Structures are given as C-alpha cells and as structure tokens.
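Here's the structure we're looking at; comments come further down.
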Amino acid sequence: MRHSRPALLSREVLEDYLLWVRHGAAWKPATRQRRVIALRNLLEEQAQDGLSGLPRGAIIHGSEIPRVDYRLPKALGTDVFGQWVDPANVALLDDEQHRTIVLLLAFTGFRVSSIVTLARDTLQVGPDGHPYLRYDNIKSKREAMLPVPAQLAEQLERQEIHLRERYADATDWLLPSPPNGRRNGKGGAFHISPSALRKVVKRYVLNASITTADGQLATGVHPHLFRHHMGTSMVNDNVPLTVIQKVRVGLCTNQSADLDYNDYVSGWIMVTS
Numbered sequence: 000m001r002h003s004r005p006a007l008l009s010r011e012v013l014e015d016y017l018l019w020v021r022h023g024a025a026w027k028p029a030t031r032q033r034r035v036i037a038l039r040n041l042l043e044e045q046a047q048d049g050l051s052g053l054p055r056g057a058i059i060h061g062s063e064i065p066r067v068d069y070r071l072p073k074a075l076g077t078d079v080f081g082q083w084v085d086p087a088n089v090a091l092l093d094d095e096q097h098r099t100i101v102l103l104l105a106f107t108g109f110r111v112s113s114i115v116t117l118a119r120d121t122l123q124v125g126p127d128g129h130p131y132l133r134y135d136n137i138k139s140k141r142e143a144m145l146p147v148p149a150q151l152a153e154q155l156e157r158q159e160i161h162l163r164e165r166y167a168d169a170t171d172w173l174l175p176s177p178p179n180g181r182r183n184g185k186g187g188a189f190h191i192s193p194s195a196l197r198k199v200v201k202r203y204v205l206n207a208s209i210t211t212a213d214g215q216l217a218t219g220v221h222p223h224l225f226r227h228h229m230g231t232s233m234v235n236d237n238v239p240l241t242v243i244q245k246v247r248v249g250l251c252t253n254q255s256a257d258l259d260y261n262d263y264v265s266g267w268i269m270v271t272s
C-alpha cells in the first residue's frame, strides 16, 4: 500500500494548487473558497497535532483565500418601488399577511429580523395625529417608534382583523407561523421565519410581474434593498442627516431632549407619502 509523504506538501506545491484553484478549476467562486478554507483548516490541525514531516511552510494565508463577491444590487429603482407599493399589485396577493409583509418592507426599511419579530398591536397614533409603528429595535435594544404612511397603517389594521379571525387561540406576533392544520402550522406560537419572508418577496415579483426600467423581471429584489432605498430617498429629498440617523437607528418612546420631534415626523412622512 502506498502512503503519502507529508514532506512533499511544500509551499511550492500549495502555491501551484492555489493558482490552479483560481484559474484552472471549473468551480463556482463559493466552491473555490470552501475548498481552500477546508485545506487550510486541515493543514493547521495537522501542524497542531505535530504531524511528522509536515514542512513549516505548509500554510495557506488568509489573504490567499479566494473572495466571493456576491455583487448584490445596491439600488431599488423608483419605478420598481412604485410597482411594489401599487395597490393594484398588492391586491394580487391572496393572503393578508403577505400584503402586510410587502408594505412593511417598503415603508419601514427594517431588517428582516426586525420585521419577523414584530409584536401584535404595533400600530399607534402619536400626539400629532400621525400613525406610528411601535417596535423593539434589535440593534439598539430598545423600544422605538416609527411614523408610517396611511397605506401601511390601513394594512396593519386589516392584519389585526385577519389575526383575530384566523387565530382563535390568539398569537403574540404580528406575522405568526401558520395556524394548526396547515403546512408547518404551529398555531401562531412562533413568528414566521426570515426564509418565509424572502419567499414572499420572490413570489410577489412573479405574481405582480414587477419589472425593471429595461423591462426585465425584477428578480434581483431582496429585502435589504428597501432599507437602502429608504435612506437614499431621504437624502435625495434633503431630509436632514440627523433625522435620517434617528429613523434608521430608532426613536425611543421617551424622546431625548435633542430630538426635534416635528422634524423627525415631517421628514419621514414626506418620504413615505
């Protein structure tokens, strides 16, 4: 039986292998990265275990690991956004909860983790008469309030009616898991998963035939684009940066003394109206 010799695994051999991985292997970028990381981990483990004959130069440096550039789209065109919030398109969705997801993405700029963990009765009316969404800001770990446009406020009211009708035993979540008896049904004991939300996004693009400026189906739309779109829209509409920061970080219910409440409200309502 022929045995491999660790001494043959020289630095030169590794460099040849890395060169082949980058330019000769018919692998996808993510596969290239995984293979090199796996080999690097193996070499480190063997060196730590004191494998006899393994050259000291048998190392793969972090800078030599192939990078994966996912190149996600950085902008959501105004034409795509307009189609996304078009009431006629939203009405094509046959599930009230899916309509709520679509409008929450459009008008809050929240991360997926913040949307799926929203509690019920999240809609509030502020002292200025505007509707607000009350939520727990996961990143800053505090309760916050976000002014929302009428279209989302009305949808949140419909969602509350939907929850009362569908979940006889009640649920604590604004976007609960399916009722008992349905696929993956947990009776609303848990919130929906991030993957379920992303599936709604993909299905909506297809069902509503949402297209880009060049007429192509907007298959590149993903949840984080709406967060980016919110910030960009506010900058383009000359909303003060201090207001934008407060919108993106979250406004504590006990407003701080340095917060211009009216600027905050008018800035956000201007963008989402």
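Read in numbering that gives the first Met the number 0, the sequence shown has 256 at position 257, and its numbers run on one by one without any break. All C-beta atoms, glycine included, are put in the ideal place defined by N, C-alpha and C. Here the structure is a predicted model, which means the values were calculated and not measured.
Backbone secondary structure at residue i - three-state DSSP
i	result
P126	coil
Y203	helix
H190	strand
T210	strand
P305	With the chain covering only 0 through 272, there is no way to say anything about residue 305.
A149	helix
L8	coil
R133	strand
A143	strand
L216	strand
A167	coil
Residue i burial status per 10 Å Cβ neighbour count (16 or more: buried)
i	result
P28	exposed
G108	buried
V12	exposed
L250	In this prediction, L250 has a pLDDT of 45, which is less than 50 and means its spatial position is unreliable; nothing more can be read from the coordinates.
T121	buried
Cβ distance (whole Å) where residue i is taken to contact residue j below 8 angstroms
i	j	result
R98	T170	Not confirmed; about 18 angstroms, so no contact.
P65	V111	Contact doesn't hold; Cβ gap of about 28 angstroms is too wide.
H228	L75	4 angstroms
V199	V220	With a Cβ gap of about 11 angstroms, V199 and V220 do not count as contacting.
R165	P178	6 angstroms
Q: Taking only runs that begin and end inside the region 17-97, name each unbroken alpha helix (DSSP H) of 4 or more residues, in chain order.
A: 28-47, 77-84 and 86-89
Q.
Measuring CB atoms only, is the region 151-159 touching the region 90-107, in the sense that at least three cross pairs come out at less than 8 angstroms?
A. yes
**Q.** Inter-stretch contact at 8 angstroms, needing at least 3 Cβ pairs: the region 33-48 / the region 78-95
**A.** no
(Q) For the region 187-207 against the region 108-127, do three or more pairs of beta-carbon atoms, one drawn from each stretch, fall closer than 8 angstroms, so that the two count as touching? (A) yes
Q) Three or more C-beta pairs closer than 8 angstroms, one from the region 124-136 and one from the region 200-217: is that the case here? A) no
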